[in-house]
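Number of protein chains: 2
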Amino acid sequence: MTSLDLKMRREPRQQRTLAIIQKIEQATLALLKEGGIGLLNTNAIAERCDIDIKSLYRFFPNKEAIVYRLAEQWLEEIRQREQAIYQSDLGLVEIWDALDDMIDGIEQQFSGYGALWQAMDVIPALHGLEQAHETLQIDNMVVLLRKHGCCWPQKDITELARYLYRTWDVVKQGSIEQGEARGLMWRAHKKWQHRLLLSAVKCRDSAEFEQGLAD
Amino acid sequence: MTSLDLKMRREPRQQRTLAIIQKIEQATLALLKEGGIGLLNTNAIAERCDIDIKSLYRFFPNKEAIVYRLAEQWLEEIRQREQAIYQSDLGLVEIWDALDDMIDGIEQQFSGYGALWQAMDVIPALHGLEQAHETLQIDNMVVLLRKHGCCWPQKDITELARYLYRTWDVVKQGSIEQGEARGLMWRAHKKWQHRLLLSAVKCRDSAEFEQGLAD
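Written as structure tokens, this is what we have:
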């Protein structure tokens, strides 16, 4: 699977070609949403957007290449919107909440986030994409915490950022799965996130931080 | 992948046969640990335990069937030890900590937990196994919370249990990955778990619970 060809056969240039590719992408996203990656195949995609399977293969070598392109575009969209938020003058917690709002907004716009994210978990060829995204997210969080005064050693601050990113991811996915992006446990988790962020910039080191979390 | 044959070709009865199968399983676990599921293949497994590939195929149709059997045994071991803990007379937090100790103990004994768990994420045919395990774990937690007095509606208590299970999983995996099963963020997360458990049995409903978590 690692050597799977994920490149588009050729980049679209003409308006008409672009339109076909967008139809393929939309159909893929819709099918992913309906039945997950397990039921996805190129025949079903071609059928759904009413094009000949040969046209599909003119652009994409396999279904994974379509999902790869979708995931790339979607992650790029997240990163661009994120940059705008990180560069703003908002406070720590306000930036955190703005990131949350942004992600929920993207979810509504892209509609299929959950299915796409799951596909990335299941298709080994997409793991690289996901890992690169995680690394960037963790780096961003470390920079944010440093900017707001966290002076922990790199190992500890990275561990906190990794925790924030991974639990954010799993709790948000679970909430979306339950049909409520901001359900009970997402709201509870958010309070916990706020507490961790504020403690991280207030405490000189992780020992003081840990002490302060006494149950 | 969903129709992949995961059954052993025949159940071992003789002592000598059992020994071969154990060698195959140990080799698979070791290879998983070294290179992950991506590099695992039946030839490498046969070579590692110094048996003919034909002998391997006499018992297992493919590598997934070996991983499936390993995962089944491992989850069964967890469930048996868990039952003993759940049936004890310990308090809520003490039971929680005993479960944690038990899992860390299994990890040391089975040595390869992380790799096996990741394999379950990546091999679609193993998802059913993982989902059944998650459902059981969540049910167990709901029963535990009820036993200790939580009287929330089923939807809310289940959401809490799902949160506890999934974040437990992702934080523990991350800690093991970093080479410290009880690293900084695991310890922080555990304090948060304790707080959630105690609030859940103390608060009449999830609204009071949420109020009490005010940051």
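If you read the protein sequences in the order shown, they are chains X and H. Adding 789 to a residue's 1-based position in the first sequence gives its number in my numbering. Adding 789 to a residue's 1-based position in the second sequence gives its number in my numbering. For glycine and all other residues, C-beta sits at the position ideal for the given N, C-alpha and C. Source: prediction; values computed, not measured.
Judged by pairs of C-beta atoms under 8 Å, the segment 981 to 1001 of chain H touches the segment 937 to 954 of chain H, as three or more such pairs exist. Shown here for H/Ile-927: same chain residues with a beta carbon closer than 6 Å to its own, the five before and five after excluded, namely Ala-950, Arg-951 and Tyr-954 in chain order. Beyond the five residues adjoining it in sequence on each side, X/Leu-820 comes within less than 8 Å, by CB distance, of Leu-828, Leu-829, Ala-833, Ile-834 and Arg-837 in the same chain, given in chain order. Straight-line spacing of the CA atoms in X/Arg-870 and H/Gln-982 works out to 33 Å. At a beta-carbon threshold of 7 Å, the residues of chain H lying near X/Ala-977 are Glu-999 and Leu-1002, ordered along the chain. Between H/Lys-936 and chain X, the shortest Cβ-Cβ separation is not below 8 Å.
At least one C-beta of chain X is nearer than 8 Å to the C-beta of H/Trp-981. About 6 Å separates the Cβ atoms of X/Asp-910 and H/Asp-910, confirming a contact at the 8 Å cut-off.
Short of 7 Å from the beta carbon of H/Leu-795, and not among the five residues preceding or following it, lie these beta carbons of its own chain, in chain order: Glu-853, Ala-854, Tyr-857 and Ala-914. In chain X, no part has a C-beta under 8 Å from the C-beta of H/Gln-926; the shortest such distance is about 14 Å. Here X/Cys-940 is exposed: its Cβ has fewer than 16 other Cβ atoms, across all protein chains shown, within 10 Å. Close CB contacts of X/Val-990 within its chain, under the 7 Å cut and outside five residues either way in sequence, are with Leu-881, Leu-934, His-937, Gly-938 and Cys-939 (chain order). Annotation for X/Arg-837: the continuous alpha helix (DSSP H) segment containing it runs 831 to 837. Among the CB atoms of chain H, none fall inside 8 Å of the CB of X/Val-990. Distances from the CA of H/Pro-801 to each of H/Lys-843, H/Arg-847 and H/Glu-823 were compared; the closest alpha carbon is that of H/Arg-847. Assigned with DSSP and collapsed to three states, X/Ile-840 falls in coil, not helix or strand.
In terms of beta-carbon proximity, X/Met-930 stays away from the interface with chain H, with every pair separated by 8 Å or more.
For X/Ser-877, the closest Cβ of chain H is not nearer than 8 Å. Using a 10 angstroms sphere on the CB of H/Gly-917, the tally of other CB atoms stays under 16, which defines it as exposed. In the three-state reduction of the DSSP assignment, X/Met-891 falls in the helix class.
The beta carbon of H/Ala-904 is closer than 8 Å to those of Leu-818, Leu-821, Lys-822, Gly-825 and Ile-826 in its chain, skipping five residues each way along the sequence. In this structure, DSSP gives X/Gly-824 a helical state, which the three-state scheme calls helix. Note on geometry: alpha-carbon atoms of X/Ile-912 and X/Gln-815 lie some 19 Å from one another.
Excluding sequence positions up to five before and after H/Gly-972, its CB lies within less than 8 Å of the CB of Ser-964, all in the same chain and listed in chain order. In the same chain as H/Trp-863, and ignoring 5 residues on each side of it, the C-beta atoms closer than 8 Å to its own belong to Ile-895, Phe-899, Tyr-902 and Leu-905, in chain order.
In this structure, the straight-line span from the alpha carbon of H/Gly-1001 to that of X/Pro-850 is close to 54 Å.
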